[in-house]
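Those letters in the sequence shown? Residues 1 to 213, per the UniProt record's numbering, in order.
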Amino acid sequence: MGINSELKDEMCREIDIIVNSAATTRFDERYDTATRTNVLGAMNVLKFSKQCSKLMMLLHVSTAYVCGEKEELILEKPLNYGEMLNGSSHLDIDVEQKLVEKALKDLQDRNATEKEVTLAMRVLGIERARLHGWPNTYSFTKSMGEMLLGHLKEDLQLIILRPTIILSTYKEPFPGWIEGMRTMDTFIVGYGKGKQKLAMGGRETITDVMIWS
1 MGINSELKDE MCREIDIIVN SAATTRFDER YDTATRTNVL GAMNVLKFSK QCSKLMMLLH
61 VSTAYVCGEK EELILEKPLN YGEMLNGSSH LDIDVEQKLV EKALKDLQDR NATEKEVTLA
121 MRVLGIERAR LHGWPNTYSF TKSMGEMLLG HLKEDLQLII LRPTIILSTY KEPFPGWIEG
181 MRTMDTFIVG YGKGKQKLAM GGRETITDVM IWS
């Protein structure tokens, strides 16, 4: 975690609530980066949580899009370990990790450039996501993170929060602050500057978004 042992021991003694919102949210992120952050990162937070003697709750921020792109009523139920959206064979997270490691080694063996490695890892992520029923690398790896947490939590109190599209801030550091341009940000900024004059859509359509602070 990048901290010394004394500070870690103090944290383990004093922390009672952990909120894990660390993630890479790029839809076509490199598969190795996405698995390292959204899957193994979540598992590492869980391991640390189990060392905290006063811990009351681990709150893990996931995404509503772990459910894929189903056009139906989506129940808020946990993802079972190894569950896939397309109903095909069992998803093995260990196999996915080994696949990443093998792909990286193969690229290294043929002296691939950094640009080639990045492209190959992005393509691999999308391919694996769609193979198992998810539309992109982000939602796929967030799903695997949820699965690992649910599978390994034992008696730890775990809450998984699945927000939809997160937009700008409500107050801090100031109203409307965003980091980068993602999802609906381009449209909102364009509309605010008067460049986006109209948008196609139904009058009764509800846009499921939320702000944060």
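Think of the CB as a built atom: it goes at the ideal place given N, C-alpha and C, for glycine as much as any other residue. Since this is a predicted model, take the numbers as computed values, not measurements.
Can the beta-carbon of residue i be found less than 7 Å from the beta-carbon of residue j?
{"i": "Ser-139", "j": "Val-66", "result": "yes"}
{"i": "Ser-53", "j": "Ile-18", "result": "no"}
{"i": "Leu-79", "j": "Met-147", "result": "yes"}
{"i": "His-151", "j": "Met-84", "result": "no"}
{"i": "Ile-211", "j": "Leu-161", "result": "no"}
Rounded to whole angstroms, what's the CA-CA distance from residue i to residue j? Just pull it up for me.
{"i": "Val-100", "j": "Val-117", "result": "11 Å"}
{"i": "Gly-87", "j": "His-60", "result": "26 Å"}
{"i": "Gly-202", "j": "Leu-75", "result": "25 Å"}
{"i": "Tyr-191", "j": "Thr-63", "result": "26 Å"}
{"i": "Ala-22", "j": "Gly-41", "result": "8 Å"}
{"i": "Leu-193", "j": "Thr-24", "result": "The question names Leu, but residue 193 in the sequence shown is Lys. Their backbone Cα atoms lie some 28 Å apart in a straight line."}
{"i": "Leu-107", "j": "Val-123", "result": "13 Å"}
{"i": "Glu-71", "j": "Leu-7", "result": "48 Å"}
{"i": "Leu-104", "j": "Glu-172", "result": "40 Å"}
{"i": "Ile-3", "j": "Lys-195", "result": "47 Å"}
{"i": "Met-43", "j": "Asp-185", "result": "31 Å"}
{"i": "Thr-183", "j": "Gln-157", "result": "32 Å"}
{"i": "Asp-9", "j": "Lys-197", "result": "56 Å"}
{"i": "Asn-20", "j": "Leu-119", "result": "29 Å"}
{"i": "Phe-27", "j": "Thr-169", "result": "21 Å"}
For residue i, does the count of other Cβ atoms within 10 angstroms reach 16, so buried, or fall short, so exposed?
{"i": "His-90", "result": "exposed"}
{"i": "Trp-177", "result": "exposed"}
{"i": "Thr-205", "result": "exposed"}
{"i": "Asn-38", "result": "buried"}
{"i": "Glu-154", "result": "exposed"}
{"i": "Thr-35", "result": "buried"}
{"i": "Ala-199", "result": "exposed"}
{"i": "Asn-111", "result": "exposed"}
{"i": "Arg-13", "result": "exposed"}
{"i": "Lys-98", "result": "exposed"}
{"i": "Phe-187", "result": "exposed"}
{"i": "Lys-142", "result": "buried"}
{"i": "Leu-149", "result": "buried"}
Can you tell me the Cβ-Cβ gap for residue i and residue j, rounded? I've got them flagged as a contact below 8 Å.
{"i": "Asp-92", "j": "Gly-82", "result": "7 Å"}
{"i": "Thr-137", "j": "Asp-208", "result": "Actually they do not touch by this definition, with Cβ atoms about 22 Å apart."}
{"i": "Leu-55", "j": "Ile-15", "result": "6 Å"}
{"i": "Gly-68", "j": "Pro-135", "result": "6 Å"}
{"i": "Glu-29", "j": "Gly-125", "result": "6 Å"}
{"i": "Asp-32", "j": "Met-121", "result": "5 Å"}
{"i": "Arg-128", "j": "Glu-96", "result": "6 Å"}
Would you say residue i touches the ligand GTP, meaning its beta carbon is less than 6 Å from a heavy atom?
{"i": "Asp-28", "result": "Here there are no bound small molecules, and the ligand GTP is not part of this structure."}
- Query: In chain order, which continuous runs of the beta strand (DSSP E) of length 3 or greater are located wholly inside the segment 37 to 81?
  - Reply: 57 to 61
- Can you check the segment 141 to 193 for any alpha helix (DSSP H) of at least 4 residues that lies completely inside it and give the ranges in chain order? 185 to 192
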